[in-house]
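Residue numbers (our numbering): 5 to 1033. Virtual Cβ for every residue (Gly too), placed ideally from N, Cα, C. Read the structure below first, then the notes.
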Amino acid sequence: MFVTNISIKRPVFITVIIIVFIVVGMLCYQGLSINDMPQADFPYVTVAIEQHGVAPDQMETNVAKKVEEAIGQISGVKHIYTNISEGACNVIVEFDLAKSPDVAAQEVRDKVSSIRKSLPSDIEEPIIAKYDFSATPILSLAVSGTLDNRAKSKIVDDVITKSLYTVSGVGSVKVYGKEEREIKIKVDLEKLAEYGLVPAEMVSAIQSGNLEVPAGKVTDGQSEISLRTDNKVKSLEDFYNITVGERSGREIKVRDVATVSDGIKDKDSISYYDGKEAIGIDIIKQSGSNTVLVSDNVKKQLDFIKANLPQGMSIDVVADNSVSIRDSVNEVVKTILEGCVLAIIIVFVFLREWESTLISGISLPTSIVTTFIAMKVMNFSLNTMSLMALSLAVGLLIDDAIVVIENIVRHLHMGKSPMQAAQEATSEIGLAVLATTFAVVAVFVPIAMVSGIIGKYFVEFGLTVAFSMLVSLFISFTLVPMMSSRLLKPEQKTKKTFVGHFLDWFNDKFDLLGTTYSKILKVVLNHRLITIIVTIIIFAASMRIIPMLGFSFIPSTDAGGVNISAGTDSGLTLETVGEKAKEIEAKLKKYPEVTHMYTTVSSDKISIYAKLTEKQEREKSSQQIASEMREDLKGITGIELAVKASSLGPNEGKDVSFVIMGTNMESMQAFALKAKRLLSQDPHAKDVALDLKTGKTETKLEINRDKASDLGVNVSLAAATIQALFDGIDAGKFEWAGDRYNVRVSLQDDQRKSLDNLDGIYVNGSNDQMIPLANVSQKVLSTSYSTIHRYDRLVQIELSANVEGIPTGDFLNSYTNKLENEMEVPAGVIVKVGGMNETMQEGFSSLVTALLMGIMFMFLVMAMQFESFLDPIAIMFSLPMALIGAVLGLYIAGSELSILSLIGIILLMGLVAKNGILLIDFTKQKMKAGFEVKEALIEAGAVRLRPILMTTLAMIFGMIPVAIGSGAGAEMRAPMGHAVIGGLITSTLLTLFVVPVVYSLLDSLKMTFRRKGKKTVSPMYPGKSAPFH
């Protein structure tokens, strides 16, 4: 081969190229980002609209439906998800993956802008942005200490948050549980009535009495001076002196009808750290930045911040996502190194020479390091998928080198010089190695083309394997023959050590095995039909094991934590929900495995992260601890509990979810309740819940428009007045020491507690008359839903649960069958699998499609190699042999069938094909030399047995660290190892017999056609066919 000849004749030239690859590869490695998952840019756009204090059903009618209608007209819209709560409407628009996220975002902005006038006038300006799937906290902090919360909050705002934003890669900083200063003006309804003032009049006066406005410019010669009117309030006393009205010639001041206080804004969340109130901080990285690097830089900045904090104040790192990522990366690197060492030992055992072992030992890390160049060029990162690809590729990368080195050593034993042996052996095996490499590449390239969200994440996996294989091919045709021509020597008689004697003994036994194999193969070739029948029986028997395996999408891992989520009844105060949180924490403190707890509380939800001791330091897994916690917390009333062990995979939501959609809420709700009861009956279903909850009891003030019109009452102004008094309304800003604080006007606290105070509210009528609100309205009590969820313009109810005791996929299939057989879905109601389950099902189907495409591409590669469409069929018969072992390997190891084990099976397809190609390629060479087909198959089996078993054992030993690993993320990678090892064992043993048998049958079939004079297929070989008996 040309490239091989150049490498042998110009060793310095190729050495320099390899050195350059290694140096550049190491530099590229250092420049690769380290993240948990590949960076993927999805065409999702969010629309957030707020309308303070408005009920969800009103938000649905006045905002959500109009926005959905407008957005639905955009081309490429796939799904629209809408979540509505009190005063907030959030819409997520999913586009086809082919759509540019930037274009999608702009088109959504244009559509929302076009309907802006049809939306309520008092909504906040819609916030439209691309949805970032990686925008999750990489670090969570807890600020605690002896200082009061207000003092801590000011330090968090003025020092900590601002300092964190200076760290490169930090995208946003979210703060929970802090106290914000607010100037509170509390209005007395009785005083307003006494002075004949209406609330709207007072709010307007306060707003206009605290302004700074430009007043134009004055030109003085060549200078221009700006003017502005400063009417801003400078102190609390100034607020008291603002004139809010005039009656009978007397100015009425704020002090006459209200009190002014320097208070704190009503909190919407509380945070606790280890049971003590704290301020929580979540740090979110910029899209595409290095998670580990950003985390390290933030922690360095925290050291500086801590050194300058006042005494009695501390910052603790509650959760650090980079730790699990770093541990997982280190574990994979360790796995790769262990696999390399074991694979190299196999080479040494078979070839018995340190020189050949050294060559393979250098080629393997060289291939891996050079792969980093391609990863950097493609903007890949070191993440779960790319590192998984490299750990799987260890055995693959040494395969080509083993085959080439073994053939060179064989030619040396024929008496050839090292130079001649390197050239001729590489040339002899070159096309076979080329075909085997491209066969594996053909299997993995379709993985990089998988559609959907899952496909975006598998791009790096498929292409990393493909890149590494192509690099390995180049190394095998350049570095390996060049070093072999310089280092390998003809076999010489030397004094043997104990190791040398052992290796000689092992290889003698292996030669005996080769002789035995040739004898068995001869018998098998004489009983081809029996061999085929037995193989089919074994395959059919192994397929019966598949239902016993269980099915899950992604194996759960022990990430060292438990997430507890508790929904509460709507309408409870923040303090009441906080007491529930403390009740939960008290039970969690009893667990010796719990080291820290971080809690956030909102008005209707409690979220607790319980950090556990290291996996090696406890006897129970995080899943077992989560199960025990769930049982302990069942006794707490008034909460809807969900307990889930944290994992390296998806953590959002529960294990399974079902979406119920339609237009008739009554029939949907009735069906949802029945479905919930059916789900609750399954002992494996835990934390069963519907996301449909009735909201707070509300009082509707129904305005009589006729009466209002007769009395000259402005309806919208009346509504704004009620909102201002009971909910409060912003009335400008108060500046102090460079900071700006909200000024909020509302009723006095005691007057906000009773509906009777509504009767004391007056609004302006015609001729500035004060009209009691009760004269134009009536109070109607009602209850609405606290949240409304919509999917593709239909109302949606989600039924969800966590699963315990059986694989998630099995549970999903079981419950789906129960729904279909035991329940009747009402007309107009749609039921489908939702959440991550839907995404994973699509991903699994796409991977199966990729597997089939890979097999087809592999067939085409082999057809090109053999210049025949018939020869590859013999090799394709070896693929089912791999499934036999893969299923047995998963079953024996207790692993489930999952997306990750399917990746192992896809890898097997390429590995098995490699062995078949080596066997058939040498068979054809012998047939060209005049051998009969039977003799050629037996000779090929004897000669190729050693490299086939060497590469197989190298792959098996290279995968052992993956299969038995116990570090971070090992549970996720292990099923791939189980499938590959099991599949290699059975496929190798069966392939050595089945492929020759099928090839001989195809040859006999062809010869039959030729004898009948039917020219249907091109000649497989120019030699003779031998009869079989």
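Member of the options whose CA lies at the smallest distance from the CA of residue i
i, options, result
"methionine 880", "Val891, Leu915, Tyr135", "Leu915"
"aspartate 562", "Asp695, Ala630, Leu516, Leu906", "Ala630"
"leucine 313", "Phe861, His793, Ser157, Met980", "Ser157"
"leucine 306", "Leu1009, Val837, Ile164, Ala723", "Ile164"
"methionine 206", "His56, Val528, Ile733, Arg950", "Ile733"
"aspartate 691", "Ala674, Thr667, Ser661, Lys711", "Ser661"
"serine 4", "Tyr795, Lys711, Asp753, Pro811", "No answer is possible for residue 4: the residues shown for the chain start at 5 and end at 1033."
"aspartate 796", "Ser89, Val1001, Phe99, Glu808", "Phe99"
"proline 951", "Met379, Pro124, Leu996", "Leu996"
"arginine 709", "Ile726, Val780, Ser1004", "Val780"
"valine 865", "Val1001, Gln755, Pro965, Thr440", "Thr440"
"leucine 731", "Lys269, Lys103, Gln110, Gly858", "For clarity, residue 731 is aspartate in the given sequence; the question names leucine instead. Ranking the options by Cα distance to aspartate 731, first place goes to Lys269."
"serine 252", "Val97, Gly213, Glu198", "Glu198"
Residue i - containing beta strand (DSSP E), residue span
i, result
"asparagine 87", "81–89"
"glycine 716", "Neither: glycine 716 is in no beta strand (DSSP E) and is coded neither H nor E."
"threonine 440", "No beta strand (DSSP E) contains threonine 440, which is instead part of the alpha helix (DSSP H) from 422–448."
"asparagine 746", "743–751"
"serine 275", "274–277"
"leucine 645", "643–649"
"methionine 665", "660–666"
"proline 141", "141–149"
"proline 687", "Where proline 687 is concerned, there is no enclosing beta strand (DSSP E), given that its DSSP letter is neither H nor E."
"alanine 282", "280–289"
"glycine 365", "Glycine 365 -> not in any beta strand (DSSP E); alpha helix (DSSP H) instead, spanning 358–381."
Residue i - containing alpha helix (DSSP H), residue span
i, result
"valine 336", "325–355"
"valine 301", "First, the residue type needs correcting, since residue 301 is asparagine and not valine in the sequence shown. It spans 295–311 - the alpha helix (DSSP H) in which asparagine 301 sits, taken as one unbroken run."
"threonine 19", "15–35"
"asparagine 153", "153–159"
"phenylalanine 243", "240–244"
"lysine 166", "166–169"
"alanine 209", "203–212"
"alanine 630", "626–637"
"alanine 197", "193–199"
Reduced DSSP secondary structure (H/G/I, E/B, other) of residue i
i, result
"arginine 254", "strand"
"serine 850", "helix"
"tyrosine 521", "helix"
"alanine 92", "strand"
"asparagine 919", "helix"
"arginine 794", "strand"
"arginine 185", "strand"
"serine 1029", "In this prediction, serine 1029 scores a pLDDT of 46, lower than 50, which makes its location untrustworthy; the coordinate-derived value is nonetheless stated afterwards. In the structure shown, serine 1029 sits in coil (DSSP, three-state: anything other than H, G, I, E or B)."
"leucine 533", "helix"
"glycine 675", "Checking the sequence, you will find phenylalanine at residue 675 rather than glycine. Three-state DSSP puts phenylalanine 675 in a helix."
"isoleucine 12", "helix"
"glutamate 670", "helix"
"valine 174", "strand"
"tyrosine 789", "strand"
Short Cβ contact (7 Å threshold) for residue i with residue j
i, j, result
"glycine 466", "phenylalanine 448", "yes"
"tyrosine 277", "tyrosine 602", "yes"
"serine 328", "serine 299", "no"
"isoleucine 640", "glutamate 589", "no"
"isoleucine 558", "valine 647", "no"
"leucine 988", "threonine 956", "yes"
"methionine 665", "glutamine 800", "yes"
"glycine 736", "valine 747", "yes"
"threonine 374", "phenylalanine 25", "yes"
"glycine 838", "valine 605", "no"
"leucine 719", "isoleucine 775", "The sequence as given places valine at residue 719; leucine does not occur at that position. The answer is no: Cβ separation not under 7 Å."
- Those runs of the alpha helix (DSSP H) which lie wholly inside the segment 539–615 and span at least 4 residues: 550–553, 578–592
- Can you list, in chain order, the stretches of the alpha helix (DSSP H) that have 4 or more residues and sit fully within the segment 797–883? 812–826, 839–870, 875–880
- Message: Give the list of continuous alpha helix (DSSP H) stretches no shorter than 4 residues that lie fully inside the segment 465–496.
- Response: 483–491
- Could you pull out every unbroken alpha helix (DSSP H) segment of at least 4 residues lying fully inside the segment 93–123, listed in chain order? 105–118
- Curious, which full-length alpha helix (DSSP H) runs of at least 4 residues does the segment 909–988 contain? 937–968
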